[in-house]
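> Chains as they are written, first to last, in numbering that gives the first Met the number 0: chain W, 0 to 415; chain Y, 0 to 224. A virtual CB, placed ideally from N, CA and C, is assigned to each residue, including glycine. Since the structure is predicted, the reported quantities are computational estimates derived from the model, not experimental observations. Right, I'll just put the structure down here and ask away after.
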Amino acid sequence: MPHDPASRTTRESATGTPCDVIGTGTSGDGPRVTAMLRSAFITRTAQSLPGPPIDNDRMGAFIGSVSPASDRYGRLVLRQNRIRTRHYAIRPDGTSDWTVAGLGADALRLLLAGAEVDRRAIGFLATATTQNDLLVPGLASGVHAASGLPPVEIASLQSVCASAMMALKAAMLQVRAGEHRAAIALGAEFASRYFRPEQYIGTGTMDAQGALPADAEFLRWTLSDGAAALLVEDRPARTGLSFRIDWISLRSFADRFDPCMTGGGTRGQDGTLRPWSHHAGAVAAARAGAFQLRQDVDALHRMLPVWLGELMRLIDEGRVDPAGVDWFLCHFSAHSLRAEMVRMAERAGCMIPEDRWFTNLYEKGNVGAAALFLLLDDLLRSDRLRPGQRIVCAVPESGQCIMAYAGLTVVDGDAG
Amino acid sequence: MMTNDDPVAATHRGLARVWIDFESALVQVPVIARLVGGRLRIDDYRSLLRNLRQQVVEGGRWISRAAASFGPDHEDLRAMFVVHAAAEHRDYRLLERNYVVAGGTLEDIRSAHKNVGSEALSAFMYHSAAHPNPIGMLGAMFIIESLGNRLAGPWADRVAEQLDLPPDALTFLRYHAENDAGHMAEFDRAVALAATDATASATIVRHARVVARLYRLQLEELDNV
């Protein structure tokens, strides 16, 4: 099997699976220990996007019209993010047959339909989402229930986009530690249900003219629905290409940033967040606009240097060589942010050439915690991958500022 | 995996990382949190000027000392430091004038002691400047000039929004906002001369890291003399 001779040696373990002996090289964020670890591979990918692609002219019919002022702002946001089509799990009348768990379970069904392992071999299921169907229990329980899997270990990771990387890292570590030989990392989002006019009308968020503030409007025109899943195993797939997961780095900068994308609270005059539970009951919280997703767009721009700084750290640590990256999968929520990131990266001399960037944002929209897995699935199906190619994935999260990167290598099962 | 071996690029990347960490962490400093959060009082602004003055008054002197420490192999760097010292050595007078316009007295701002953070910062600057061929001082200058180039302008705007002050009370911040871009271009030329290998690069970045921390300490310790 392919391996990186510069940093590790590969041996056959007692059980016959490939293992890495971690030496003194860079080996993740934790303390450097000498231990026998297996490698982890993404052997299969799948996605479930509800309904047909919806273009910009028709999207208003699905999320509904709040006011003419709101629609005007929406057109401005669409010019900035350049998303042309996306998928919605709601019908134009606001009803739906889907849930977040249902979308996740559908991606999981498609994943296993094409996998080389039986569903009974799955030992671990990690889910990622921004907002679960229920406040309690976690999404992994809902997906497990809907999936038909026998009893498994689960983990429900809830944040925003970076929760996908948390789920993937959990799956990778479970496999590398030998706790499970096959694991699933899955991301699912059903944002559109929060963007219907009923969520805003009659709340304190809307002014007398029916306009919403920009921070409440922005995400209505940015986020959409879907799910995607990855199968993580301790060996590459026998046929077809797999991704070896070389490393995953995730860091929170909540020590220096206030919440920037929020749901479930309201902001006081002084800017402090008041959780919905601190209002006089759920009805008062709803009336105050607590159950709306909001994005402080200015704060997003202040986070960009920090996100890029993490890439510089990985370059300095020798984990990323910008010139040696074959595919750069950068999750970004808007084309304008991508453009600003490119400008900054060029100035700082850490630019990964733009012809290596792979994105599906313009066709599939921003599907939050499912976005990274959608990118990997589309890349694997693109027929553009060759064994040995290096992939760097980047997932910034505006929530309260997280930056996650992952390094993958394309491997051919036949060569393993 | 390969690493980027170009020492000039590595220096710029290292400095950018130090700066990003420094700038994003500044919001944890109480006076900066009040400044950017719209809760600044005139006492805060006067305190900021009074504390900065005690460090700025030393600026021209440590740059001159560093210039004197460059030997014959670094004449170009020495010349740059001499020019820079001449440009900066009366900066503190702007702070004094701003302080008086903002309601303070000349006697107060001139007689104040360095706060404990300024003491540490100043001591490190003179200590480093006295070493032969002190190229690490470029890292120190990077932090000081970046403060002017990137933060002085926004800070001046925030002060002007919150406090009823005439433009004459903001000339120190405005001067640096307008002039430090030129200083940064000069700085890039100096790095190209100084960062000749990985050791030189690491020295410059390490000095930037130390100065960034000590500058933050200075802001954290306002009036703790």
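Could you have a look at residue 135 of chain W and say whether DSSP puts it in helix, strand or coil?
In the structure shown, residue 135 of chain W sits in coil (DSSP, three-state: anything other than H, G, I, E or B).
> Which complete alpha helix (DSSP H) runs does the segment 54-110 of chain Y hold, if anything under 4 residues is left out?
With a minimum length of 4 residues, the continuous alpha helix (DSSP H) runs that stay inside the segment 54-110 of chain Y are 74-87, 90-100 and 105-110.
> Give the range of the beta strand (DSSP E) segment to which residue 227 of chain W is assigned.
It spans 225-232 - the beta strand (DSSP E) in which residue 227 of chain W sits, taken as one unbroken run.
> Kindly give me the distance between the Cβ atoms of residue 262 of chain W and residue 292 of chain W, rounded to whole angstroms, as I take these residues to be in contact under 8 angstroms.
That belief holds up - the Cβ atoms of residue 262 of chain W and residue 292 of chain W are roughly 5 angstroms apart, short of 8 angstroms.
> Take the Cβ of residue 98 of chain Y as the centre, count every other Cβ of all protein chains shown within 10 Å, and call the residue buried at 16 or more, exposed below.
Buried: at least 16 other Cβ atoms inside 10 Å.
> Any idea if residue 202 of chain Y is buried or exposed, counting beta-carbon neighbours within 10 angstroms, 16 or more meaning buried?
Buried, since its Cβ has 16 or more Cβ neighbours within 10 Å.
> Using a Cβ-Cβ cut-off of 7 angstroms (strictly less than) and excluding sequence neighbours within five positions of residue 6 of chain Y, which residues of its own chain qualify?
Excluding positions up to five away in sequence, the list reads 194, 195, 196, 197, 199 and 200.
> Could you tell me how far apart the beta carbons of residue 94 of chain Y and residue 150 of chain Y are, in whole angstroms, since I believe they sit closer than 8 angstroms?
Rounded, the Cβ-Cβ distance is 16 angstroms, inconsistent with contact.
> Considering residue 306 of chain W, what are the terminal residues of the alpha helix (DSSP H) in which it resides?
From DSSP, the alpha helix (DSSP H) with residue 306 of chain W extends over 296-315.
> Quick one: give me the first and last residue of the alpha helix (DSSP H) that residue 145 of chain Y is part of.
Segment 136-145, the alpha helix (DSSP H) holding residue 145 of chain Y.
> Could you check where the beta strand (DSSP E) with residue 152 of chain W kicks off and where it finishes?
152-157 is the extent of the beta strand (DSSP E) around residue 152 of chain W.
> What's the C-alpha gap between residue 194 of chain W and residue 177 of chain W?
Between residue 194 of chain W and residue 177 of chain W, the C-alpha separation is close to 43 angstroms.
> If you run the structure through DSSP and keep just helix, strand and coil, what is residue 254 of chain W?
In the structure shown, residue 254 of chain W sits in coil (DSSP, three-state: anything other than H, G, I, E or B).
> Work out the CA separation of residue 86 of chain W and residue 140 of chain Y for me, nearest whole Å.
Going from the Cα of residue 140 of chain Y to the Cα of residue 86 of chain W covers about 52 angstroms.
> Mapping the DSSP letters down to three states, classify residue 115 of chain W as helix, strand or coil.
Residue 115 of chain W falls in the coil class under three-state DSSP.
> What in chain W is Cβ-close to residue 24 of chain Y, meaning under 7 angstroms?
Here the neighbours are 255.
> Tell me the residue span of the beta strand (DSSP E) that contains residue 396 of chain W.
Its beta strand (DSSP E) spans residues 389-396.
> What's the gap between the Cα of residue 256 of chain W and the Cα of residue 310 of chain W?
So the alpha carbons of these two residues sit roughly 19 angstroms apart.
> Leaving out five residues before and five after residue 281 of chain W in sequence, what residues of the same chain have Cβ atoms less than 8 angstroms from its Cβ?
Within the same chain, residue 281 of chain W has close Cβ partners 275.
> Could you list which residues in chain W have their beta carbon closer than 8 angstroms to that of residue 40 of chain Y, in chain order?
Ordered by position in chain W, no residue passes the 8 angstroms Cβ test against residue 40 of chain Y, which lies about 15 angstroms from the chain.
> Can you give the Cα-Cα distance for residue 44 of chain W and residue 388 of chain W, rounded to whole angstroms?
Roughly 18 angstroms between the two C-alpha positions.
> Can you find a CB in chain Y that lies within less than 8 angstroms of the CB of residue 348 of chain W?
Yes, its Cβ sits closer than 8 angstroms to a Cβ of chain Y.
> Which residues, taken in chain order from the segment 164-196 of chain Y, show a beta carbon closer than 7 angstroms to some beta carbon of chain W?
So the list is empty, because no residue satisfies the distance condition.
> 8 angstroms is my cut-off, CB to CB: does residue 290 of chain W come that close to chain Y?
It does not: the Cβ of residue 290 of chain W has no partner Cβ on chain Y nearer than 8 angstroms.
> From what residue to what residue does the alpha helix (DSSP H) around residue 212 of chain Y run?
From DSSP, the alpha helix (DSSP H) with residue 212 of chain Y extends over 197-219.
> Do you know offhand how far residue 88 of chain W's Cα is from residue 191 of chain W's?
Each residue's Cα considered, the two are about 7 angstroms apart.
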